[in-house]
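Step one of this worksheet: look at the structure below.
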Amino acid sequence: MDSGELTGIEPATAKELGKLLKTKIVFKQYPWSELIPALEKGDIDVIMSGMSITAERSQRVAFTQPYLEIGQMAIIRKADIARLSQPRSMYRAGMRIGVEPGTTGEQYIAEYAAEAEVKPYQNPEKGFSALQNNEIDFFIHDAPTSWNLAKGSDWPDLMALYTPLTKESIAWAVNKNNTQLLNTLNEALNRLKSAGTLNQIQYHWIPVKIEIER
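Quick note on numbering that gives the first Met the number 0: the sequence shown kicks off at 0 and runs consecutively.
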């Protein structure tokens, strides 16, 4: 967030979507765990929050075509780069790892870092604050969050390790019963891709090129 205005890949893409569809975009912010319930209740029309496609989520929402391939990343304090610069460092017993509940990052740590001390934080800002205050050694979140961290100046003592821990396809989500909106968004994504608009937005917000092996 910059001067009270939402910034990043998602808000920038949403604004271009509004222009394309000649529709006013209204942003509503929710804790991660409340996004899908808000969609199901009809409080919001679309989830644009860097949500990765999973089988579990697909039982509750309808995903558009993917618009970005990303992975979860580890974020550390710059002062710890010599000690923790290798992602495998987090797998050591006793490491304090922060996660956001309900995310694929939380699932990853539960599966692969079972001996870690896991601490939940309701949003990235709380996780960043805990990391900066040395309450945790790592904070795990998705690549867009890490990229925004690198682009901003709010957390100058933190840095992301640009080795993805997972391979994920990111998409927007709509109510499973709203096929009309789903089709509209897929068509709009095709137009944003073919016009090069989506690439321009991603190049602006992604500070480094991430290669994810297939």
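All residues carry an ideal CB built from backbone N, CA and C; glycine is no exception.
Suppose you measure from the CA of residue i to the CA of residue j; what does that come to, to the nearest Å?
i: F62; j: S168; result: 10 Å
i: T196; j: I46; result: 20 Å
i: Y29; j: S193; result: 31 Å
i: E105; j: N177; result: 29 Å
i: T102; j: M72; result: 12 Å
i: P10; j: I69; result: 17 Å
i: A113; j: P100; result: 16 Å
i: P65; j: D156; result: 33 Å
i: I209; j: G41; result: With a pLDDT of only 43 at I209, under 50, the local geometry of the prediction cannot be trusted, and no value is derived from it.
i: K14; j: L130; result: 32 Å
i: D44; j: A54; result: 21 Å
i: I74; j: W171; result: 25 Å
i: A31; j: I52; result: Looking at the sequence shown, residue 31 is not Ala but Trp. Looking at the two C-alpha atoms, the distance is approximately 15 Å.
i: S57; j: E33; result: 16 Å
Exposed or buried, which one is residue i when buried takes at least 16 other CB atoms within 10 Å?
i: Q199; result: exposed
i: T12; result: buried
i: F26; result: exposed
i: A109; result: exposed
i: I119; result: The question names Ile, but residue 119 in the sequence shown is Pro. P119 is exposed by the Cβ-count criterion.
i: G93; result: exposed
i: G151; result: exposed
i: N174; result: buried
i: L5; result: exposed
For residue i, tell me which candidate among the options has the shortest Cα-Cα distance.
i: S48; options: K118, N122 and V117; result: N122
i: Q201; options: L67, A170 and W31; result: L67
i: D205; options: A170, D141, M89 and L191; result: The question names Asp, but residue 205 is Ile in the sequence shown. It is D141.
i: F138; options: V173, R91, A172 and R76; result: R76
i: Y107; options: L181, G7, E33 and L164; result: L164
i: R95; options: S88, E116 and A159; result: E116
i: Y161; options: Q85, L16, M50 and F127; result: Q85
With respect to the beta strand (DSSP E) encompassing residue i, which residues constitute its N-terminal and C-terminal limits?
i: F137; result: F137 to D141
i: K187; result: The sequence as given places Ala at residue 187; Lys does not occur at that position. A187 -> not in any beta strand (DSSP E); alpha helix (DSSP H) instead, spanning T178 to S193.
Ends of the alpha helix (DSSP H) at residue i?
i: A92; result: Neither: A92 is in no alpha helix (DSSP H) and is coded neither H nor E.
i: P36; result: L34 to K40
For the region 178-192 and the region 70-89, state whether three or more C-beta atom pairs, one from each stretch, are separated by less than 8 Å. no
So does the region 24-42 actually touch the region 143-163, counting three or more Cβ pairs closer than 8 Å? no
Any 3 or more C-beta pairs closer than 8 Å across the region 13-33 and the region 125-134: no
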